[in-house]
Amino acid sequence: MAAKGHKNLVWGCCSIGLQDQNYMICTECTKLYHLECLSIPNNEDDPTTSTWLCSQCHGTQKLGNNDNTPVRYNPNITVRPGKRQALNSPPKASDERPITRDEMQEIIKDVVTQFQKTMRITISDILGTELKSLKEEIVDMKESMNFMNTKYDDFLNLREHYTLNKT
-3 MAAKGHKNLV WGCCSIGLQD QNYMICTECT KLYHLECLSI PNNEDDPTTS TWLCSQCHGT
57 QKLGNNDNTP VRYNPNITVR PGKRQALNSP PKASDERPIT RDEMQEIIKD VVTQFQKTMR
117 ITISDILGTE LKSLKEEIVD MKESMNFMNT KYDDFLNLRE HYTLNKT
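Now the structure itself:
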């Protein structure tokens, strides 16, 4: 609500209190604020100025959201959105104190120990499977060799028997 000409005004922005300047009135505390102090351009047709709250009253307001509150504008400040967390990044730790060297060494030691256990189990499983199949192949080869030896012995016996009967 940009207006002029109130007497006995209570200013919330500065102590100069120039009444001939355009100002806005907080609808909560009824203090006046120069548009220049708020760094707001003078726009008397703006409907949001009729329900404007100063920053102090806006901070104490408990319910709702007043997006119509004018904000000080400074052309030398670039407003950037806050950084978003990456999709696959771990959540931020609630404990903000830095990790000590001893704690880091303990963490690394635990990770390495767990990795070694996992590798031992994995290697044992792989070797067990491979050795089992090798043992089975060796048993099969022994059986084949025994079978062939038996047949060879049978052949030699037959030959000997045949040669004895022939003579």
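Going by the numbering used here, the first residue of the sequence shown is number -3, and it counts up by one from there. Think of the CB as a built atom: it goes at the ideal place given N, C-alpha and C, for glycine as much as any other residue.
{"query": "Measure the C-alpha to C-alpha separation of R155 and R116 and round it to an integer number of angstroms.", "result": "57 angstroms"}
{"query": "DSSP beta-bridge partners for W7?", "result": "L28"}
{"query": "For C53 versus E24, is the C-beta spacing smaller than 8 angstroms?", "result": "yes"}
{"query": "Can you give the Cα-Cα distance for R76 and L28, rounded to whole angstroms?", "result": "31 angstroms"}
{"query": "Can you check DSSP and say which residues form a bridge with M20?", "result": "Y29"}
{"query": "Taking the Cβ atom as the reference point for each residue, do C9 and L34 lie within a distance shorter than 8 angstroms?", "result": "yes"}
{"query": "Rounding to the nearest angstrom, what Cα-Cα distance links K113 and I103 in this structure?", "result": "16 angstroms"}
{"query": "Output needed for V6: all residues of its chain with C-beta closer than 8 angstroms, excluding positions within five of it in sequence on either side, in chain order.", "result": "T26, K27 and L28"}
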